[in-house]
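A.B. asks: Add 159 to a position in the sequence shown, counting from 1, and you land on the number used in the numbering used here. Sharing a structure below in structure tokens format, with a few things to ask.
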Amino acid sequence: MKLESFKKIKPPDKSGVYFFKKRKNILYIGKATSLRDRIKSYFSKDLINTRGPLILDMVFKADNIKWKVSQSVLEALILEANLIKKHQPYYNTREKDDKSFNYVVITDENLPKVLIIRGSNLEHRVFNKIYGPYTSGTQLREALKIIRKIFPFLDDKSKNYMEFYRQINLVPDLEDKKMYLQNIRNIKLFFSGKKKQIFKNLKKEMKGYAKLHEFEKAGEIKRQLFALQHINDIALLRAASREQENFPRSSLPGVPGGSHTDKNFPVLVRRIEAYDIAHMGGKNMVGVMVVVEDGEPTKSEYKKFKIRTQSGANDTGALAEVLERRLAHKEWAYPDLIVVDGGTAQLNAGQKVLEKLSASRRIKIPIVSVVKDERHKPKAIMGNGEFATKYKRAILLANSEAHKFAIAYHKKIRNKNFLR
160 MKLESFKKIK PPDKSGVYFF KKRKNILYIG KATSLRDRIK SYFSKDLINT RGPLILDMVF
220 KADNIKWKVS QSVLEALILE ANLIKKHQPY YNTREKDDKS FNYVVITDEN LPKVLIIRGS
280 NLEHRVFNKI YGPYTSGTQL REALKIIRKI FPFLDDKSKN YMEFYRQINL VPDLEDKKMY
340 LQNIRNIKLF FSGKKKQIFK NLKKEMKGYA KLHEFEKAGE IKRQLFALQH INDIALLRAA
400 SREQENFPRS SLPGVPGGSH TDKNFPVLVR RIEAYDIAHM GGKNMVGVMV VVEDGEPTKS
460 EYKKFKIRTQ SGANDTGALA EVLERRLAHK EWAYPDLIVV DGGTAQLNAG QKVLEKLSAS
520 RRIKIPIVSV VKDERHKPKA IMGNGEFATK YKRAILLANS EAHKFAIAYH KKIRNKNFLR
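This is the structure:
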């Protein structure tokens, strides 16, 4: 689709969902806090640098754009997930498999819970309802916070029914679970995009409680009606503005809409890649890459590398090889932060590789290293102190995942070679 064609359409400055199409086929579905601004961003001059080759290919193939306005960003988020599930557009599923997405589930219990579950964990449990996929864990968590203020629900951290109702200053008859189950029913309708039906249900429920002189409960329903009509999704707006859609993120400094600032470092670290090397006396040397996104391991994106260029116990040389081979894959989403295992030598080796990347492609990625003590326990994080403090938990998680993954891969290769 060319810029001239885009100029003929006039998307509104409202939240909603948009569709890139080729004839009747939907190529991609996205959500936007402003349909006008989001769609316009696809026609910038440096599209390939800011969004990558995949999205460039999609825009080139598309011949028209449609959209659907939503009353809130929250509803756009839910509508996007429902439409992706229904239509399965190629460019929405190109970069991830279902196991790496997030889902909202309703548990099959006497008092159902509402949880966020990774796709990789869905097959191990039985649920009453499953909604998704959702591409952003951060936005989904903000969305559930908003929904919970309207329709309070139990989650995996809730201890019991009584404590739950104390939190919302309502103490019902514990034998009467009707109100809680009504909340669950309305949450199901909300995630199914049936907001009008919720209004009908709430008005009916409010009248029913009023007739029974249960004015406290009728007042709670009235509050829910008001909250549903005036959804306060400022927190979700902020989360959405900090993130890009589910295409590879740009790592170019100063690019509008990208994750990096003029200081060349990201304000928000969503994707962390951690690297580790494993061997025994220089034999069967391997390297690994693990990914932590939004504070959670994304195991479908873990990578293994057999070391090709190094002989002997040269950890820094092996690390440099792994980083160079990984960064040669332009089709993989670039990380917001790289974590290596080791001290000054490993940090310097990583920085040299990244300096070459910066010089050749103007891509700047920050790096930190996790220093271990004599028991191989983390004792310090070297590199950018701001990242070390702000993202300590995610950095240590990524480092731990990389170490375990590297040891397991090394043992597999060692055992395989031993049997030969």
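Ideal placement from N, C-alpha and C gives every residue a C-beta, glycine not left out. Remember, it's a predicted structure, so these values are computed and weren't measured experimentally.
Which whole-angstrom value is the C-beta distance of Val498 and Ile554, which I expect to be below 8 Å?
C.D. replies: 5 Å
A.B. asks: Buried or exposed for Phe179, please, with buried defined as at least 16 other CB atoms from any protein chain shown within 10 angstroms of its CB.
C.D. replies: buried
A.B. asks: Comparing alpha-carbon positions, which option in Leu506, Asp495, Gln356, Val527 lies nearest Gly476?
C.D. replies: Leu506
A.B. asks: Under the three-state reduction of DSSP, which class applies to Leu277: helix, strand or coil?
C.D. replies: According to the sequence provided, residue 277 is Arg. The question's Leu does not apply to it. Note: Arg277 maps to strand in three-state DSSP.
A.B. asks: Ends of the alpha helix (DSSP H) at Ile131?
C.D. replies: No answer is possible for residue 131: the residues shown for the chain start at 160 and end at 579.
A.B. asks: Give the straight-line distance between the Cα atoms of Lys316 and Val273, rounded to the nearest whole angstrom.
C.D. replies: 11 Å
A.B. asks: Within the region 531-563, note down every full beta strand (DSSP E) run reaching 3 residues or more, in order along the chain.
C.D. replies: The qualifying runs are 537-542.
A.B. asks: Apply the 10 Å Cβ neighbour rule to Ile168 and answer buried if 16 or more other Cβ atoms are within range, or exposed otherwise.
C.D. replies: exposed
A.B. asks: Taking the beta strand (DSSP E) that Gly291 belongs to, which residues open and close that run?
C.D. replies: Boundaries of the beta strand (DSSP E) harbouring Gly291: 286-293, taken from the DSSP string.
A.B. asks: In the DSSP assignment, find the alpha helix (DSSP H) that holds Val512 and state where it starts and stops.
C.D. replies: 503-520
A.B. asks: Closer than 8 Å by C-beta to Val228: which residues in its own chain qualify, once you throw out the five before and the five after it? Chain order, please.
C.D. replies: Once the five neighbours on either side are set aside, the close Cβ partners of Val228 are Pro171, Lys173, Ser174, Gly175, Leu194.
A.B. asks: On the three-state DSSP scale, how would you describe Phe260?
C.D. replies: coil
A.B. asks: Do we get a CB-CB distance below 9 Å when we pair Arg573 with the residues of chain C?
C.D. replies: Although the question refers to chain C, the structure presented lacks it and comprises just one protein chain.
A.B. asks: For Pro212, which residues in the same chain have their Cβ closer than 8 Å to its Cβ, ignoring the five residues on either side in sequence?
C.D. replies: Lys489, Glu490
A.B. asks: Round the Cβ separation of Ser517 and Lys523 to the nearest angstrom and send it over; I've been treating them as touching at under 8 Å.
C.D. replies: At roughly 5 Å, the Cβ-Cβ gap stays under 8 Å, so Ser517 and Lys523 are in contact.
A.B. asks: Between which residues of its own chain and Ile502 is the CB-CB distance below 6 Å, once the five residues before and five after are set aside?
C.D. replies: Going by the sequence as given, residue 502 is Gly instead of Ile. Around Gly502: Val530.
A.B. asks: So, with DSSP's three-state summary, where would you put Arg197?
C.D. replies: Helix, per DSSP.
A.B. asks: Quick check: the region 232-244 against the region 276-295, are there 3 or more CB pairs under 8 Å?
C.D. replies: yes
A.B. asks: Which two residues bound the contiguous alpha helix (DSSP H) that contains Ala240?
C.D. replies: 232-246
A.B. asks: Distance, Cα to Cα, Ile431 vs Glu452?
C.D. replies: 6 Å
A.B. asks: Output yes or no for whether 9 Å exceeds the beta carbon distance between Leu387 and Phe358.
C.D. replies: A contact, by the Cβ cut-off of 9 Å.
A.B. asks: For Gly249, count neighbouring Cβ atoms within 10 angstroms of its own Cβ and tell me buried if that reaches 16, exposed if not.
C.D. replies: For the sequence presented, residue 249 should be read as Tyr rather than Gly. With fewer than 16 Cβ atoms within 10 Å of its Cβ, Tyr249 is classed as exposed.
A.B. asks: Just to confirm my understanding: we take Tyr550, look at its own chain, exclude 5 residues before and 5 after, and list those with CB closer than 6 Å. What are they?
C.D. replies: Val428
A.B. asks: Quick one: residues in its chain with C-beta nearer than 8 Å to the C-beta of Ile224, no 5 flanking neighbours on either side, listed in chain order?
C.D. replies: Met160, Phe165, Ile168, Pro170, Tyr177, Phe178, Phe179, Lys180, Ile198
A.B. asks: Among the residues of its own chain, which have a CB less than 7 Å from the CB of Pro271, if the five just before and after it don't count?
C.D. replies: Ile265, Asn287, Ile343
A.B. asks: Please confirm whether Val450 and Ala437 have their CB atoms less than 9 Å apart.
C.D. replies: Not a contact, by the Cβ cut-off of 9 Å.
A.B. asks: Where does Val529 sit, in a helix, a strand or coil, going by DSSP?
C.D. replies: strand
A.B. asks: Given a cut-off of 9 Å, decide if Ala479 and Gly509 are closer than it, judged by their beta-carbon atoms.
C.D. replies: yes
A.B. asks: Rounded to whole angstroms, what is the Cα-Cα separation between Glu455 and Ser203?
C.D. replies: 33 Å
A.B. asks: When the distance is taken between beta carbons, is Ala561 closer than 9 Å to Ala369?
C.D. replies: no
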